[in-house]
Each structure stands twice: as C-alpha cells, then as structure tokens.
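J.:
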Amino acid sequence: MSNGSVGIAIVGTGFGKKVHIPAFQIHEETKPVAVYNRSLDKARAIAQENDIPHASNDLNTILSLPDVDAVSITTPPFLHYDMAKAVINAGKHLLLEKPLNLNVKQTRELYHLAKNKGVVAASDFEFRFVPEWQMLAEHLEKDYVGNKRLVKIDWLLARRANPELPWNWYAQKDKGGGALGAVGSHAFDYLNWLFGGVNRLCGQLSTAVAERPDPQDNGKLKPVDSDDTCLLMLELADGTPCQLNISAAAYEGRGHWVEVYGDRGTIVLGSPNLKDYVHGFRFLAAPAGETLSEVFVPQRLGFPKVYQDGRIAPVVRLIDQWVQAIKTQNSMTPSLREGVYSQLLMDLTHQSHQQGGWVDVPNFENFLNS
1 MSNGSVGIAI VGTGFGKKVH IPAFQIHEET KPVAVYNRSL DKARAIAQEN
51 DIPHASNDLN TILSLPDVDA VSITTPPFLH YDMAKAVINA GKHLLLEKPL
101 NLNVKQTREL YHLAKNKGVV AASDFEFRFV PEWQMLAEHL EKDYVGNKRL
151 VKIDWLLARR ANPELPWNWY AQKDKGGGAL GAVGSHAFDY LNWLFGGVNR
201 LCGQLSTAVA ERPDPQDNGK LKPVDSDDTC LLMLELADGT PCQLNISAAA
251 YEGRGHWVEV YGDRGTIVLG SPNLKDYVHG FRFLAAPAGE TLSEVFVPQR
301 LGFPKVYQDG RIAPVVRLID QWVQAIKTQN SMTPSLREGV YSQLLMDLTH
351 QSHQQGGWVD VPNFENFLNS
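Taking full-length UniProt numbering, I'd label the letters of the sequence shown as residues 1 to 370.
Structure below.
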C-alpha cells in the first residue's frame, strides 16, 4: 500500500466505470491504479479519462503490478470465476460484483480459497449500506411489527421490457443472464440479512421476450433463454410466509418495495424510481390499526454526501468496510460467505422451477463446509 492508500485495479468497465471508479476515487483510503478491459484501446481511454496510470487487456499483467493491492471485478458473471480465482491466487484482495458466479459450487470454492489465502473477499451487496434499509433492519431488530405474518417483496422494472434491446450475455442463461441474477441475488442477500434466511422455496421463471436482435450479426434475431420474470414463494427461517415478485420486463412497474406485516404493526420500504435503484426510497411505518406515515432517516444513518448516480454512496460505504478489513486483517460482511448463500438460493430457484415444486434449503453451515 502506497502512502496508506489501497491500490485498486478495476476489472470490467460497465458498472465499474459508472460506479466503482468514482467510488474508489471518492474514498480517502483507496486509489484506482489500473483498468482492465478486453479492448486495450478502451482500457487506455478509460484510464486516461480518469487519470489512472495503468491499463491492460491482460489480467495477469494487471495482477503483476506491485501497486495493485486489491481488485474489483464487475465483468459479466460468466467471467467471474476464472478472474476471481486468479485474483485470489495472486494474493490480491477482492470485491466481486453480483451475481457472483454461474453456480454455488464456484462461489463456495472461491470462499474457501480466499479464506486459505488470507485474502479479504467482499460481495457487492450494497443495499446493506442504504440508510432506509438500515432503518428497516433497526425496526425489525426492535421487534416493531411483533410476530411477522407476511413479508411481500415486489421488484418490478422496465429495463428489459423493450424487445429491441440487443441480444448479449444477459439474454443467455448459461452466461449468467436474467433478472434472478441481476436483482434476485440482492433480494436473497437481504432476506438473509434482515430475516435470517429461508427454510424452503418454490419458484417459477419465465422469459417475456423470446428473441432479441444481435447487433454483432446484422440484427439477426437470437433466442433468449434467460429469465425476465421470477415469482417465488418462500418460508423464512422463523416460518413466516414470504412472496417475492421480480420482473425486468414490466412497463411502468411499481419499482422496488418491501412490506412487512405483523401482529403489532406494519413496515413498508419502497421506491418507484425505475432509473436509479437507490435514489427514491421512502420508509413508512404504522402500529397495528393506525395509518402508515413516513419515517425520515436520522442523521446518524444518512449519507454524508449523495451523488447523481445513487449507487455510488452505498458502494463507498461498502468499500470502507472492505478497506478497514484489509488494513486490520479481519473478516467483513458482506463477504463471499454471504455470496455463497445468495447463490445457493438462486440455484435452488432454478431447481424448483425445473422440478415444479418446493425445495428445502440445506443447513448452511453444513453446506458451506461440505
């Protein structure tokens, strides 16, 4: 580490360029020092634009740089496993974007590899760091709703509603595409965080847009086999029924909402913002029999600064946890452990869909160490 700053390599320049580069530039203890893209010209252009000294289209070259202490990977998910394995084996700390991998076996292997190598490996589950979500966690911890009767989650977006959107990796199930991976992975993480996880689930996956034009093949229509819509029934760890509805193909979808109903009260957290999944959240609560009213974020939970892209502020908070864990050589949350849990529920959802019924979630400690 140079001058106390953690040198960061950015691998992947979609989400990496929009969110990770500015977040690492904002954080006082990190410094972006390298950019990877499969196109060397693009890597160089992004590096020059952001005053980053190194650019390469070869991951091993990036990992050999002495000023690279840690790596964030934001490439498409089908590339994550090999890249993350190389990062960990090089002794570099890791921040891995979700969905973490193509299956839970890959994620579990990376978890154990990072643990054995002494590498701090974080999962990019940034909802844990959004103030309104932290308020929800506090209200649940205080038993505001009492005995839970129902948890209902809607995450209804329009990002894949347009059939003219191009065919790419997102349209392909075997590349890790689909709404379940894109946003369901987040939902599975916060079900674990807020409610202690899931006992069993029953899921149905569907594809709303069956073909999309491939710009790399003169606009020829190519088949889509990744999911646009996911409907799940779940039994939470304490037996509470939960309904989770996800769609990336819902014109004028209602956005992202979590509703918790109990015998002593109700909590509603949600945002109708379809363009930014952090900006726009409101937190409402009511004791039993009373009308919902908005509860505003206390200053102690609020972001010290917000940015035009709402994702940047919570990622800065996540980075802070990661950096402190690196510097103190301690574990952190969310780590690859939480990533294994989210990926496990994703795999079980696919299994449930294929079998057409309920599947049990195995004991996590036994599964993690099997």
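A virtual CB, placed ideally from N, CA and C, is assigned to each residue, including glycine.
Enumerate in chain order the residues of its own chain whose CB-to-CB distance from V340 is below 7 Å, with the five nearest sequence positions on each side excluded.
T.: These residues qualify, in order along the chain: V104, T107, R108, Y111, L368.
J.: How many angstroms separate the CA atom of K220 from the CA atom of T207?
T.: Taking the straight line joining both Cα atoms gives about 19 Å.
J.: For the 8 Å Cβ check, are there 3 or more pairs between the stretch 125-140 and the stretch 34-44?
T.: Taking 8 Å as the limit for Cβ pairs, the verdict is that the stretch 34-44 does not touch the stretch 125-140.
J.: Going by CA-CA distance only, name the one from F188, F303, A325 that's closest to A313.
T.: Comparing Cα-Cα distances from A313 to each of F188, F303, A325, the minimum goes to F303.
J.: Buried or exposed: S72, going by 16 or more other Cβ atoms within 10 Å of its Cβ?
T.: That one is buried.
J.: Specify whether the stretch 254-266 and the stretch 159-168 touch according to this definition: at least 3 beta carbon pairs, one from each stretch, less than 8 Å apart.
T.: No: fewer than three Cβ pairs fall under 8 Å.
J.: Under a three-way DSSP split, which group does R337 fall into?
T.: R337 falls in the helix class under three-state DSSP.
J.: Please report how far the alpha carbon of N273 lies from the alpha carbon of P215, in whole angstroms.
T.: If you take the alpha carbons of N273 and P215, they lie about 29 Å apart.
J.: With 16 other CB atoms within 10 Å as the buried threshold, where does R128 fall?
T.: R128 should be labelled buried.
J.: The beta strand (DSSP E) with K222 in it runs from where to where?
T.: Where K222 is concerned, the enclosing beta strand (DSSP E) stretches over 220-223.
J.: Classify F296: buried if its beta carbon has 16 or more other beta carbons within 10 angstroms, exposed otherwise.
T.: The residue in question, F296, is exposed, as its Cβ has fewer than 16 Cβ neighbours within 10 Å.
J.: How is the beta strand (DSSP E) around P272 delimited, first residue to last?
T.: Premise fails: P272 is in no beta strand (DSSP E) and is neither H nor E.
J.: Are F364 and G197 touching if we call contact CB-CB under 8 Å?
T.: Closer than 8 Å, so yes.
J.: Run the CB neighbour count on N330, radius 10 Å, all protein chains shown included, and call it buried at 16 or more, exposed below.
T.: Label assigned to N330: exposed.
J.: Can you tell me whether T13 is helix, strand or coil according to DSSP?
T.: Looking at T13 - three-state DSSP - the assignment turns out to be coil, as it is neither helix nor strand.
J.: Less than 8 Å between the C-beta atoms of D228 and K173, yes or no?
T.: Against a cut-off of 8 Å, the Cβ pair of K173 and D228 comes out as no contact.
J.: Check residue 371 in the structure and name its three-state DSSP category.
T.: Absent from the model: residue 371. The displayed extent of the chain is 1 to 370, so no value can be given.
J.: Given a threshold of 16 other Cβ atoms within 10 Å of its Cβ, counted over all protein chains shown, does V120 qualify as buried or as exposed?
T.: Under this definition V120 is a buried residue.
J.: Counting along the chain, where does the beta strand (DSSP E) carrying H93 start and finish?
T.: Segment 93-96, the beta strand (DSSP E) holding H93.
J.: Drop a sphere of 10 angstroms on the beta-carbon of K305, count the other beta-carbons inside from all chains shown, and report buried for 16 or more, exposed for fewer.
T.: Under this definition K305 is an exposed residue.
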